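Chemist: Okay, here's the structure, questions in a sec.
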């Protein structure tokens, strides 16, 4: 089990988790090794632009919601460089990023379950 899988398991169990993801796909929203806070989310309240912890095709990502299909109960996940990771169901959207380096993400707190 990788580090992101371990974080995903904790968030899925109801915990709010702080961790430092690595990579550059979310720059400038999240830089590599910045402290992020992720809390369980109610996916029905998500909006395009929210940063979520989601499983897409077996891989866990901390990426953007880039499109919504409420009738089909799914969201599209993309990085901040234009790459679309794919569509995933509400049941695979585990958490929402509520803060980056202690700075709250606008509107995220209202979506925590």
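In my numbering, the protein residues as written are 6 to 118.
No residue lacks a Cβ here, since even glycine has one placed at the ideal position from N, Cα and C.
Because the structure is a prediction, the values reported are computed rather than measured.
(1) Can you look up residue 26 in the DSSP assignment and give me helix, strand or coil?
(2) Can you name, in chain order, every residue of its own chain whose Cβ lies under 6 Å from the Cβ of residue 72, other than the five neighbours on each side?
(3) Contact check, residue 69 vs residue 13 under 8 Å by CB: the rounded distance?
(4) Beta-carbon within less than 8 Å of residue 50's beta-carbon, same chain only, minus the 5 sequence neighbours each way: which residues are those?
(5) In angstroms, rounded to a whole number, what distance separates the CA positions of residue 95 and residue 18?
(6) So, with DSSP's three-state summary, where would you put residue 48?
(7) In the DSSP assignment, find the unbroken beta strand (DSSP E) run with residue 59 in it and report its ends.
(8) What are the boundary residues of the alpha helix (DSSP H) that includes residue 32?
(9) Among 113, 91, 27 and 39, whose alpha-carbon lies nearest the alpha-carbon of residue 106?
(10) Please list the terminal residues of the continuous beta strand (DSSP E) segment that includes residue 79.
(11) Could you work out which residue in 63, 29, 20 and 101 is closest to residue 85 when comparing CA atoms only?
Modeler: Reading it off the structure:
(1) Residue 26 falls in the coil class under three-state DSSP.
(2) Closer than 6 Å at the Cβ level, and outside the excluded window around residue 72, lie 81.
(3) Residue 69 to residue 13, Cβ: 17 Å. No contact.
(4) In chain order, 115 and 116 place their CB closer than 8 Å to the CB of residue 50, counting only its own chain and leaving out the 5 sequence neighbours on each side.
(5) 16 Å
(6) helix
(7) 56-61
(8) Taken as a continuous stretch (DSSP letters only), residue 32 belongs to no alpha helix (DSSP H), as it is neither H nor E.
(9) 39
(10) Looking at the DSSP string, the run of the beta strand (DSSP E) that includes residue 79 is 79-83.
(11) 29
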